[in-house]
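Report on one structure; see the data block that follows.
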Amino acid sequence: MLPYVIRRLLQAVPILLAVAGLIFVMFSVIPGDFASTQMADGRSVVDAEQVARMNKQFGLDDPVHVRFANYAMKLATLDLGTSFRTRQPVINSLLERIWPSLQLAIAAMAFAIALGIPLGFLAALKPGGWLDMQSMFVAVSGLSLPQFWLGLMLMYAFALVLGWFPSFGYGDGNPRYIVLPAVALGVAPLALLARTTRAAVLEVMNADFVRTARAKGNSEVRVMRWHVARNAMVIVLTTLGLQFGSIMGGAVVIEKLFAWPGIGSLLVDSVSLRDIPVVQACILLLVLFFLVVNIIVDVLCALIDPRIKYT
Amino acid sequence: MKKLAFATALTLVAFTVSAQAQEPRRGGTIRFTAPYGASFVSNDSHVSNQIQDEIYGYALHGMLFRWDSKAGKPEPELVKSFTTAADGLTHTLKLRDDAFFHNGRKMTADDVIWSFTRLVDGSKNYPGASRVVRIKGAEAVRKGEAKEISGLKKIDDFTIEMTLTDPADPSFLFYAATTAIMPAKEAQAPDFFNKPIGLGPFKFVEHVPGSRMVFERWEKYYKPGKPYADKLVISPMGEAAARDVAFRNKEIDVSILGSTQYVAYKADPNLSKGILEVAEVFTRNMGMNPEFKPFSDKRVRQAINYAIDSDLIIKRLVRDKAYRAVSWLPSSVPAFDKDAKPYAFDPEKAKKLLTEAGYPDGFEFEWTATPNESWGIPIVEATIPMLAKVGIKVKVKPVETSALGGVVAKGDFQAYIWSNTSGPDPLTALKCFHSSTPRSSCNYTTFKSAAFDKLFEEAAAERDAGKKVEIMKKANALLQEEAPVWFFNYNKAVLAYQPWLHGLQANATELALQRYEDLWVDATSPAAK
Chain A
23 MLPYVIRRLL QAVPILLAVA GLIFVMFSVI PGDFASTQMA DGRSVVDAEQ VARMNKQFGL
83 DDPVHVRFAN YAMKLATLDL GTSFRTRQPV INSLLERIWP SLQLAIAAMA FAIALGIPLG
143 FLAALKPGGW LDMQSMFVAV SGLSLPQFWL GLMLMYAFAL VLGWFPSFGY GDGNPRYIVL
203 PAVALGVAPL ALLARTTRAA VLEVMNADFV RTARAKGNSE VRVMRWHVAR NAMVIVLTTL
263 GLQFGSIMGG AVVIEKLFAW PGIGSLLVDS VSLRDIPVVQ ACILLLVLFF LVVNIIVDVL
323 CALIDPRIKY T
Chain B
95 MKKLAFATAL TLVAFTVSAQ AQEPRRGGTI RFTAPYGASF VSNDSHVSNQ IQDEIYGYAL
155 HGMLFRWDSK AGKPEPELVK SFTTAADGLT HTLKLRDDAF FHNGRKMTAD DVIWSFTRLV
215 DGSKNYPGAS RVVRIKGAEA VRKGEAKEIS GLKKIDDFTI EMTLTDPADP SFLFYAATTA
275 IMPAKEAQAP DFFNKPIGLG PFKFVEHVPG SRMVFERWEK YYKPGKPYAD KLVISPMGEA
335 AARDVAFRNK EIDVSILGST QYVAYKADPN LSKGILEVAE VFTRNMGMNP EFKPFSDKRV
395 RQAINYAIDS DLIIKRLVRD KAYRAVSWLP SSVPAFDKDA KPYAFDPEKA KKLLTEAGYP
455 DGFEFEWTAT PNESWGIPIV EATIPMLAKV GIKVKVKPVE TSALGGVVAK GDFQAYIWSN
515 TSGPDPLTAL KCFHSSTPRS SCNYTTFKSA AFDKLFEEAA AERDAGKKVE IMKKANALLQ
575 EEAPVWFFNY NKAVLAYQPW LHGLQANATE LALQRYEDLW VDATSPAAK
């Protein structure tokens with residue numbers, strides 16, 4: 023198993039480099055640069071000389087290939103560069119934001135797992151029944167609702183009308199602050215987990231080994247627990263891993279809406295201000311997170327299901 | 095008699111209650127918002143010209159001057175007074191001797207000189223440098239040819255002689271947080287900006303990036319008894335809808351309103367009681383590039399101004415959250431001519447002018463615009479049928495907001511729509527139309543007029559304030575006649591505030607910039623304790 027994990031981690035390196043190259047090319051071709059964003063509010067005047075000086079300071083006046091070579095060299099030594107807008111090392115900005123983002127991602131996934139998996143499981147027990155119809159309605163709705171709109175509705179209902187939770191902010195460690203952004207972020211994975219769990223459980227329930235288990239006189243609880251749930255969990259876990267990785271992408275909208283101090287809101291700010299070193303670092307971090315989560319999921323799948331072998 | 099005595103007693107009680115209600119109260123927390131797009135850049139006010147950072151800068155820092163919203167001009171802050179020599183260039187600044195940094199050390203002239211030298215350091219490119227370079231010798235420091243600004247001399251610990259390169263008013267140059275005075279020695283410590291200290295009314299407590307900045311009262315602030323509040327929390331909240339919920343939920347004390355919310359708040363019997371409006375120093379305009387042939391003719395530019403029903407667009411699309419523009423200078427600057435009338439909506443006159451200019455069948459042009467609801471694509475779309483009626487066809491060229499500045503400064507447009515600062519210093523605003531000002535600075539329409547240049551230079555040289563204003567009025571009228579832009583509107587900024595918050599000022603330079611030391615919350619605030 024260990025050589026497999028090491029190999030997977032090493033495979034992540036070219037992926038990260040390819041992503042870094044792609045981001046670099048994208049931000050080299052789209053209009054706008056850091057100097058021009060300084061004028062965006064119409065109140066500041068940045069003359070040509072100042073623009074030239076800024077571009078020189080940030081190395082933006084070099085040809086694209088030179089800039090990319092410099093960037094790749096730095097990246098090879100794990101130097102993420104200096105932020106254009108804060109003039110501080112990018113790593114400082116990331117370190118400030120990682121923990122709030124992780125808190126939010128974990129809370130959102132906990133919400134999705136706690137509701138989505140049981141919902142899908144119960145729905146599969148009586149396909150076509152009342153609970154199945156209701157749970158699938160919830161699942162389809164959850165996947166269809168735009169996160170921004172959902173966040174606003176949650177704010178309106180649970181902060182303004184019911185007054186149960188604060189509508190925005192990070193708070194001083196009080197868990198009430200994380201509830202609404204976590205729910206807004208967790209609804210889509212909840213829906214997907216419910217659908218996947220239902221499909222996986224239905225598939226396993228019809229498998230030969232389940233019929234054999236029943237024929238051997240195992241109780242229904244034991245069949246469900248040891249044969250159905252365990253086998254279905256491999257599929258569910260794979261979905262969960264993918265969702266946990268992609269949830270950080272959804273945080274871009276939610277963190278900004280709820281003034282949550284995570285990587286997502288840092289990324290939005292940095293894109294709009296063309297703070298390219300920070301944009302690159304944020305995206306690389308999100309990709310790395312996605313890859314690591316998926317490696318962990320693969321390992322967990324192997325532990326649950328002995329038939330899965332990694333060499 | 096009894097009735098009279100009762101009535102008198104009632105009146106006295108009413109007056110007492112009223113007086114008590116108006117008496118500023120010490121204590122409580124002010125929960126302010128930084129209502130624009132991004133979070134705070136850092137704890138260093140010198141590095142950013144974003145208005146978000148100016149908002150916290152007003153709490154943390156002291157500047158040489160500060161905007162006085164009532165007088166509509168800057169007033170001395172860390173400077174007690176200043177005198178100007180006969181040459182109009184040399185100013186002697188008397189500094190306060192009772193301003194203390196948040197570590198208890200008294201501010202001196204050395205701190206001012208160090209702060210300005212830091213700002214103009216060529217390797218740093220701080221935005222405040224564009225103001226400091228107007229001090230003689232600052233450019234040499236910027237280029238690395240000198241280490242000290244020759245035009246900045248310490249006379250004694252609390253007196254500075256400042257020589258400018260042109261006859262500008264120093265109070266208009268050094269009132270923004272981008273020119274904040276920082277402690278010379280302390281600010282050079284490696285960890286300083288993790289816990290910055292300034293001269294402002296509130297001390298730094300913590301910054302949770304993207305979420306909030308927290309301050310507490312500075313007891314040795316130089317204004318006795320101020321600030322009133324114990325604590326100040328500023329949360330960056332760029333999303334208008336989220337701000338709306340938080341405001342209605344009484345979690346924040348102020349919120350800047352957009353057009354849609356403005357209508358909703360005005361229609362609400364409770365919310366409408368707490369609305370503060372001001373004509374900000376911004377002019378929304380469509381700039382016309384004279385390198386695109388039709389726009390080189392003044393009659394065509396005038397025709398555009400006549401062909402668009404600006405009042406209708408302001409009423410229907412901007413929801414009356416704007417004031418009709420007359421010329422470039424907005425109504426909130428002293429050189430605005432209150433008797434001047436805007437271009438009338440007159441399509442027939444527009445057609446006549448186009449015919450005279452040689453375009454009887456009109457022409458087609460490309461209009462660069464961002465998605466901004468108040469001065470972007472929605473506005474352009476509203477003008478399309480109006481311009482079509484006089485034969486002018488419009489092709490919209492959408493750009494992202496962050497890219498617009500670069501596109502315009504490079505001249506890569508036929509026409510653009512933007513919201514540009516047009517004050518508070520009318521002379522600086524008018525300089526953008528002087529023929530010596532390059533497009534890359536702020537003469538985006540490469541305007542050239544010998545008559546305008548003459549008026550501008552006269553105004554700049556004039557020492558009598560009254561005469562200066564009169565000359566600037568003439569220059570502004572000439573701009574209207576020449577119409578380098580379509581004069582659309584002056585921004586009406588609207589701030590919604592909770593009934594328990596008092597002491598807000600109608601700041602025409604930016605309504606979200608408040609003097610926190612004057613704000614106080616009464617006992618009805620949820621954060622009154």
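Protein chains in written order, with our numbering: chain A, 23 to 333; chain B, 95 to 623. Glycine included, C-beta positions come from ideal geometry on N, C-alpha and C.
Rounded to the nearest angstrom, the gap between the Cα atoms of Ile243/B and Phe268/B is 16 Å. For Glu310/B, DSSP records a beta bridge to Lys297/B and Lys325/B. Lys542/B is the residue among Trp594/B, Arg609/B and Lys542/B whose C-alpha sits nearest the C-alpha of Asn383/B.
For Arg306/B against Gly64/A, the beta-carbon gap comes to about 27 Å, at or over 8 Å, which does not count as contact. In the same chain as Leu313/A, and ignoring 5 residues on each side of it, the C-beta atoms closer than 7 Å to its own belong to Ala34 and Ile37, in chain order. Assigned with DSSP and collapsed to three states, Pro111/A falls in strand. Residues are counted here when their Cβ sits less than 9 Å from a Cβ of chain B; for the segment 118–129 of chain A these are Glu118, Arg119 and Pro122, given in chain order. Selection Ala523/B, Asp433/B and Val327/B evaluated against Arg125/B yields Val327/B as nearest (Cα-Cα). Taking Arg233/A as the centre and dropping the five residues before and after it, the same chain places no C-beta closer than 8 Å to its C-beta. Annotated as distal: Ile511/B and Ala571/B, with beta-carbon spacing of 7 Å or more.
Not a single C-beta of chain B is nearer than 7 Å to the C-beta of Gly271/A. For Leu288/A, the neighbours in chain B by C-beta distance under 7 Å run, in chain order, Gly304.
Those residues of the segment 474–501 of chain B placed with their C-beta closer than 8 Å to a C-beta in chain A are Val493, Glu494, Thr495, Ser496, Ala497, Leu498, Gly499, Gly500 and Val501, ordered along the chain. Between Gly499/B and Ala62/A, the gap from beta carbon to beta carbon is short of 7 Å. Using a 10 angstroms sphere on the CB of Arg247/A, the tally of other CB atoms stays under 16, which defines it as exposed. Taken through DSSP and simplified to helix, strand or coil, Glu604/B comes out as coil.
If you check the CB distance, Pro518/B and Thr603/B come in under 7 Å. Looking at the DSSP output, Asp162/B shares a beta bridge with Lys167/B.
Per DSSP, Glu556/B lies in no alpha helix (DSSP H) and is assigned neither H nor E. Contact with chain A is absent for Asn379/B, since none of that chain's Cβ atoms lies less than 7 Å from the residue's Cβ. DSSP, read as helix, strand or coil, puts Glu255/B in strand. Here the segment 289–304 of chain A makes contact with the segment 106–126 of chain A; the two share three or more CB pairs at distances below 8 Å.
Interface annotation for the segment 179–213 of chain B against chain A: empty, criterion Cβ-Cβ distance under 7 Å. DSSP lists Ser513/B and Asn583/B as the bridge partner or partners of Arg378/B. Residue contact check for Met276/B against chain A: no CB pair falls below 7 Å.
Annotation note: the segment 439–468 of chain B contains the following uninterrupted alpha helix (DSSP H) runs of length 4 or greater, listed N- to C-terminal: 441–450. When Cβ-Cβ separations below 7 Å define contact, Arg395/B makes no contact with chain A. Judged by beta-carbon spacing, Leu605/B lies beyond the 7 Å limit of Leu595/B, meaning their Cβ atoms are not closer than that value. Under DSSP, Pro492/B shares a beta bridge with Ala463/B.
Minimum Cα-Cα distance from Asp440/B among the listed residues Leu406/B, Asp414/B and Ala401/B corresponds to Ala401/B.
If you look at Val348/B, you'll find it in the beta strand (DSSP E) that goes Val348 to Ile350. With fewer than 16 other Cβ atoms from the protein chains shown falling within 10 Å of its own Cβ, Met155/A counts as exposed.
7 Å or more divides the Cβ of Phe280/A from the Cβ of Ala204/A. Apart from the 5 residues on each side of it in sequence, Arg228/B sits with its Cβ closer than 8 Å to the Cβ of Leu258, Thr259, Asp260, Ala262 and Leu267 in its chain, given in chain order. With distances taken between CA atoms, Thr495/B lies nearest to Asp55/A out of Pro25/A, Leu126/A, Gln302/A and Asp55/A.
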